[in-house]
Each structure stands twice: as C-alpha cells, then as structure tokens.
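>
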Amino acid sequence: MRASILAFACVACVGCKGAPPKAAPAPDAPSANTADPALYYPLALGNSWTYQVTDASGAHEDTIQIVGRDGPWFIDDHRGKIRIDSEGVRDADRYLLRSPLEPGARWSAVDNLVVQRFEVTATDAKLTTKAGGFSGCVAVRNEQPLPKNQGKLVTEWTYAPRVGLVQVVTQTVGPSGTRDQVRLQLVAHHLR
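The opening residue of the sequence shown carries number 163 in my numbering; numbering runs sequentially from there.
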C-alpha cells in the first residue's frame, strides 16, 4: 500500500529538475474568485520540481521533470501525465485543481471503483519549505475510504501561485488513530 500511496502522490507532483534552493518571490496573492487553476500548476517542457520525500523507509529526494507532450498532455519522467482544460488542472484520473478556487469548493472522482472527495480548504495558505516561503497558496484535501472499513486515506496538497505543488501530506485515519504515510516538500524548482 505504501508504494501505491507514493505513486499516487508522485503522479500529483508533475515537475522538473531542481535548482539550488532559493526564496520564492512573493507574488501578489490572486483573488480566490478570479484565480485560474493553471496559475497554481505551471506546465512547460523542462519544468522540474525536487521534493524531499519522507515515508516509513526514511527521507530521500526525488525530482520530477516534464519531458514530453502528447497533444494537450504534459508527460513527466515518472510516467505521469497532466493537462489544463477549461475546468482546471487534471491528471489522467481526476482533477487536482478545479474551478472555482474558493474555500469549500468540492468535487469528486472515481478511481478503481473508489470515490475520492476533494475540497479546497484554503486559498490564502502560507508555507515554508527548503525552497523558500510561499503565500497565497491553495490547499486541497482529498479523502477516500480504505478497504474493509479500516478508515480513510487523507491527502492534503498545497499549491503556490506560479510555482506549483509545494507540499503533499498523506495520512491514514482509522480505528487505531492517525498515521503519517508520505510527506513531500518542495526543495527546489526550475520553471521555464
């Protein structure tokens, strides 16, 4: 299960080769009512993001780079694909960001017969990682049930404007409590 959680988190992290850590510029926070989801997921050939990945096996860095195109889809070097359309930013199975970007906005997706529920929990979040400080971030929470009524898998994504995905936190919540599964934090990014 850990491998599938990491794979799910990585698919959501389409990115590019990392640059040395530096503080991100503090762009003006876009208005939640007018923010285009594409603002939070800059896609271009050569873009890359490097993350520190922490899971049960420890911590390591992983870089995800956009290496190709297939029509409207951007393809990364982890076999993920992502695109922007009139409704938002999506991977092959679901919307990662969907209009309107405002707190409480919700959508759902079905993947392998499992219903995933998404909700925008913030449009003004602040976060600091090794890549710098980010403000005006959009936070999205996803919940999906675990098999055999063992609780739920909760994933929280944080996207910075003009940067992309800066953090992913995945936990299981069940009868025995809450357990951290995977955490990705942006270490560096290179955008064209």
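Note that CB positions come from ideal geometry on N, CA and C, so glycine has one too.
Quick caveat: nothing in here was measured; it's all calculated off a predicted structure.
(1) Tell me which residues share the same chain as A206 and place their Cβ nearer than 6 Å to its Cβ, disregarding the 5 neighbours each side in the sequence.
(2) Could you pull out every unbroken beta strand (DSSP E) segment of at least 3 residues lying fully inside the region 215-281, listed in chain order?
(3) Hey, how far is the Cα of P323 from the Cα of Q343?
(4) If you follow the beta strand (DSSP E) that K292 is part of, which residue opens it and which one closes it?
(5) Mind checking who Q333 pairs with in its DSSP beta bridge?
(6) Given this structure, state the Cα-to-Cα distance separating L348 from L259, to the nearest angstrom.
(7) Contact check, T317 vs T332 under 8 Å by CB: the rounded distance?
(8) Between Y203 and the ligand ADP, is there a pair consisting of the residue's CB and a ligand heavy atom that are separated by less than 6 Å?
(9) How big is the Cα-Cα spacing for R345 and G298?
(10) Answer with buried or exposed for D238, where buried requires no fewer than 16 other C-beta atoms within 10 angstroms of its C-beta.
(11) Hey, P199 and G266: beta-carbon distance below 7 Å or not?
(12) According to DSSP, is L205 helix, strand or coil?
(13) Work out the CA separation of G336 and A197 for me, nearest whole Å.
(14) Who are the Cβ neighbours of A301 in its own chain at under 6 Å, not counting the five residues just before and after it?
(15) Give the single residue among S338, G220 and T216 whose Cα lies nearest to the Cα of V330.
(16) Return helix, strand or coil for P307, following the three-state DSSP convention.
(17) Would L289 and V325 be called neighbours here (beta carbons separated by less than 7 Å)?
(18) Among R241, S210, A218 and K310, which one has its Cα closest to the Cα of I149?
(19) Compare the Cα-Cα distances from P307 to each of P262, T291 and F280 and report the closest residue.
A quick look at the data gives this:
(1) Residue 206 sits at position 44 when you count from the first residue of the sequence shown. Once the five neighbours on either side are set aside, the close Cβ partners of A206 are R354.
(2) 220-232, 235-238, 243-247, 250-253, 257-260 and 268-273
(3) Walking along the sequence shown from the start, residue 323 turns up at place 161. Walking along the sequence shown from the start, residue 343 turns up at place 181. If you draw a straight line from the Cα of P323 to the Cα of Q343, it comes to about 26 Å.
(4) As a first step, residue 292 must be located in the sequence shown, where it is residue number 130. Element bounds for K292: n/a, residue is neither H nor E.
(5) The residue labelled residue 333 in the question sits at position 171 within the sequence shown. Answer is V316 and D342.
(6) In the sequence shown, the residue the question calls residue 348 occupies position 186. In the sequence shown, the residue the question calls residue 259 occupies position 97. Rounded to whole angstroms, L348 to L259 spans 18 Å at the Cα level.
(7) Taking the sequence shown and counting its residues from 1, one reaches residue 317 at position 155. Taking the sequence shown and counting its residues from 1, one reaches residue 332 at position 170. Going by Cβ atoms, the distance from T317 to T332 rounds to 5 Å, so yes, they are a contact pair.
(8) With respect to the ligand ADP, the structure offers nothing, as it holds no ligand at all.
(9) Here the question's residue 345 lines up with position 183 in the sequence shown. Here the question's residue 298 lines up with position 136 in the sequence shown. If I take the Cα positions, the gap works out to 21 Å.
(10) Sequence index remark: in the sequence shown, residue 238 carries index 76 (1-based). Its Cβ being crowded by 16 or more others within 10 Å, D238 is buried.
(11) As a first step, residue 199 must be located in the sequence shown, where it is residue number 37. As a first step, residue 266 must be located in the sequence shown, where it is residue number 104. No, they are not a contact pair.
(12) Residue 205 sits at position 43 when you count from the first residue of the sequence shown. Residue state, collapsed to three classes: coil.
(13) Counting from one through the sequence shown, the residue named residue 197 turns up at place 35. Counting from one through the sequence shown, the residue named residue 336 turns up at place 174. Their Cα atoms are separated by approximately 35 Å.
(14) Here the question's residue 301 lines up with position 139 in the sequence shown. Taken in chain order, the residues that qualify are T283, A284, A287 and T320.
(15) Counting from 1 along the sequence shown, the entry for residue 330 is found at position 168. Ranking the options by Cα distance to V330, first place goes to T216.
(16) Your numbering for residue 307 matches position 145 in the sequence shown. If DSSP states are grouped into helix, strand and coil, P307 belongs with the strands.
(17) Position 127 of the sequence shown holds residue 289. Position 163 of the sequence shown holds residue 325. No, they are not a contact pair.
(18) For residue 149 there is no data in the structure shown, the boundaries of the chain being 163 and 354.
(19) The residue given as residue 307 occupies position 145 in the sequence shown. Nearest C-alpha to P307: F280.
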